[in-house]
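Asker: Once you've had a glance at the structure underneath, I'll fire off some questions.
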Amino acid sequence: MKTFFETILWNARLIVLLAVILSLVGSILLFVVASWDIIDAGIKTLHYYTDSNHAGHDIHNLLLNAIISSIDLYLIAVVLMIFSFGLYELFISKISIKELSNIKVLEIHTLDQLKDKLAKVIVMALIVAFFSKVLNMDVKNTIDMIYFALSILALSLGLYFLHKDGGSKH
Numbered sequence: 024m025k026t027f028f029e030t031i032l033w034n035a036r037l038i039v040l041l042a043v044i045l046s047l048v049g050s051i052l053l054f055v056v057a058s059w060d061i062i063d064a065g066i067k068t069l070h071y072y073t074d075s076n077h078a079g080h081d082i083h084n085l086l087l088n089a090i091i092s093s094i095d096l097y098l099i100a101v102v103l104m105i106f107s108f109g110l111y112e113l114f115i116s117k118i119s120i121k122e123l124s125n126i127k128v129l130e131i132h133t134l135d136q137l138k139d140k141l142a143k144v145i146v147m148a149l150i151v152a153f154f155s156k157v158l159n160m161d162v163k164n165t166i167d168m169i170y171f172a173l174s175i176l177a178l179s180l181g182l183y184f185l186h187k188d189g190g191s192k193h
């Protein structure tokens, strides 16, 4: 009875495959959507410069916003990819084919390593999202500029401590 229960319990870990597969599918979809957004912005830019009627179009902001939004989507796609690799290696099996590669970013041995990698990429995605919002921000008075400067200082300090923490472990 004990062996039977332990077998069921051990094999229950395979439910993680659902999260692995769907995270990987989500990652691929985000890569495709982000790439399409850049291509679409490029097509609109091309039409802008080849069309004689430029009235009412702010093509530079459109292109810049599309690229920055795509970077944000790419970072989230990377989060999902790291998540799926990490879950697979932690709960299912080591990926033997990765030994043929020198890529170390996907090397995950503990749940804490997975959390650290995810946290760093998520912070970068938040910084890119912040940058996107800043591009559309209207600075109307001195207090807006002070808030802007303080937010950049806070982001810089956060990145510093994130990097300092990561450097002390290795």
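Per this note's numbering, the very first residue in the sequence shown carries number 24; after that it's consecutive. Glycine included, every Cβ here is placed at the ideal spot set by N, Cα and C.
Going along the chain, which residues of its own chain have a beta-carbon closer than 8 Å to the beta-carbon of leucine 22, five neighbours each way excluded?
Answerer: Within the shown structure, residues of the chain are numbered from 24 to 193, placing residue 22 beyond reach of any answer.
Asker: Within this structure, are the beta carbons of leucine 87 and leucine 149 separated by less than 9 Å?
Answerer: Within the sequence shown, residue 87 is the residue found at index 64, counting from 1. Within the sequence shown, residue 149 is the residue found at index 126, counting from 1. Result no, Cβ atoms of leucine 87 and leucine 149 do not sit closer than 9 Å.
Asker: How should serine 119 be labelled, buried or exposed, when 16 other C-beta atoms within 10 angstroms of its C-beta is the threshold for buried?
Answerer: Start at 1 with the first residue of the sequence shown, and residue 119 comes out as number 96. Label assigned to serine 119: exposed.
Asker: Along the chain, where does the alpha helix (DSSP H) containing isoleucine 51 start, and where does it finish?
Answerer: Position 28 of the sequence shown, counting from 1, holds the residue named residue 51. Counting along the chain, the alpha helix (DSSP H) containing isoleucine 51 begins and ends at 39-73.
Asker: Do alanine 57 and serine 92 have their CB atoms nearer than 9 Å?
Answerer: As a first step, residue 57 must be located in the sequence shown, where it is residue number 34. As a first step, residue 92 must be located in the sequence shown, where it is residue number 69. A contact, by the Cβ cut-off of 9 Å.
Asker: What whole-angstrom Cβ distance do isoleucine 105 and leucine 40 have, given they're in contact under 8 Å?
Answerer: Within the sequence shown, the letter at position 82 stands for residue 105. Within the sequence shown, the letter at position 17 stands for residue 40. No, isoleucine 105 and leucine 40 are not in contact; Cβ-Cβ is about 17 Å, not under 8 Å.
Asker: I'd like the span of the alpha helix (DSSP H) that includes histidine 132, first residue to last.
Answerer: Along the sequence shown, read from residue 1 onward, the residue named residue 132 stands at position 109. Taken as a continuous stretch (DSSP letters only), histidine 132 belongs to no alpha helix (DSSP H), as it is neither H nor E.
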